[in-house]
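Taking it in order: structure first as structure tokens, then the write-up.
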Amino acid sequence: MENIRAIENKNSEILECIKEFLGQMDVEASVEEGVIGDSTAFLVHTSDAGLLIGEDGANLYALNYLLRKIIERKLESDDHSQFMIDVNDYQRRRFDELKDKARMGAQRVRYFKKEVTLEPMSAFERRIVHLALQEYPDIVTESIGEGAERRVVIQLSSLDR
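1 is the number of the first residue of the sequence shown in full-length UniProt numbering; add one for each residue after it.
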């Protein structure tokens with residue numbers, strides 16, 4: 001029970017940090033706690049979504065990184081809390097889109113018996129693809145490349161080739 005209270009306290013502190021950060025940016029927003037996939041998410045609802053999301057989510061990824069670092073320092077924690085910030089359901093839609101893309105890639109691999117390479121993705125996005133395809137015993141995934149060019153390759157497992 002104490003562990004649950006500690007998590008609730010930590011999450012309420014994170015929520016306050018996010019609200020304070022957005023306030024300093026002069027962004028009017030409501031923020032609530034939620035879940036996306038298996039991660040704790042802080043859901044931001046605002047009319048300034050374009051500013052916070054940016055092109056292809058670039059600003060949102062930067063916002064997630066910055067706030068994670070600020071919160072780690074403020075909470076004097078280095079446990080690298082697993083949470084994300086979502087703005088107007090952008091991350092949730094992207095999560096669903098990536099799962100669909102992964103499943104379609106797996107279907108193509110099965111049909112054509114040829115590996116499929118997806119576009120470059122962030123570590124978080126690659127993780128979504130890997131997890132989405134774990135339930136397929138005949139499919140394996142692998143991340144290849146470096147830096148911004150890192151991507152997922154979907155292929156038949158060696159048993160099914």
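Cβ coordinates follow ideal geometry from the N, Cα and C atoms, glycine included.
Which full runs of the beta strand (DSSP E) of 3+ residues lie inside the segment 50 to 120, going along the chain? 83 to 87
Can you check which of these residues, 32, 7, 125, 45, is closest to residue 96 by C-alpha distance? The residue you call residue 96 lines up with position 96 of the sequence shown. Cα-wise, what sits closest to residue 96 is 125.
For residue 122, the three-state DSSP class (helix, strand or coil): Sequence index remark: in the sequence shown, residue 122 carries index 122 (1-based). Coil, per DSSP.
Beta bridge counterpart(s) of residue 34 as assigned by DSSP: Looking up residue 34 in the sequence shown gives position 34. Paired residue(s): 41.
One question on the structure: do residue 17 and residue 69 come within less than 8 Å of each other, judged by their Cβ atoms? To locate residue 17, count along the sequence shown from 1; it is residue 17. To locate residue 69, count along the sequence shown from 1; it is residue 69. Contact flag unset, no.
Look up residue 149 in the DSSP assignment and give the residues it is bridged to. Taking the sequence shown and counting its residues from 1, the one referred to as residue 149 is at position 149. Residue 149 is not bridged to any residue.
For residue 142, which residues does DSSP report across the bridge? One-based indexing of the sequence shown puts residue 142 at position 142. Looking at the DSSP assignment, residue 142 forms a beta bridge with 153.
Compute the beta-carbon to beta-carbon distance between residue 98 and residue 129, rounded to the nearest angstrom, for a pair I have assumed lies under 8 Å. Walking along the sequence shown from the start, residue 98 turns up at place 98. Walking along the sequence shown from the start, residue 129 turns up at place 129. About 6 Å; that satisfies the 8 Å criterion.
Kindly give me the distance between the Cβ atoms of residue 14 and residue 83, rounded to whole angstroms, as I take these residues to be in contact under 8 Å. Residue 14 sits at position 14 when you count from the first residue of the sequence shown. Residue 83 sits at position 83 when you count from the first residue of the sequence shown. Between residue 83 and residue 14 the Cβ distance is about 6 Å, and since that is below 8 Å, they are a contact.
7 Å Cβ shell around residue 93 - same chain, five flanking residues per side excluded: Position 93 of the sequence shown, counted from the first residue, corresponds to residue 93. Here the set comprises nothing.
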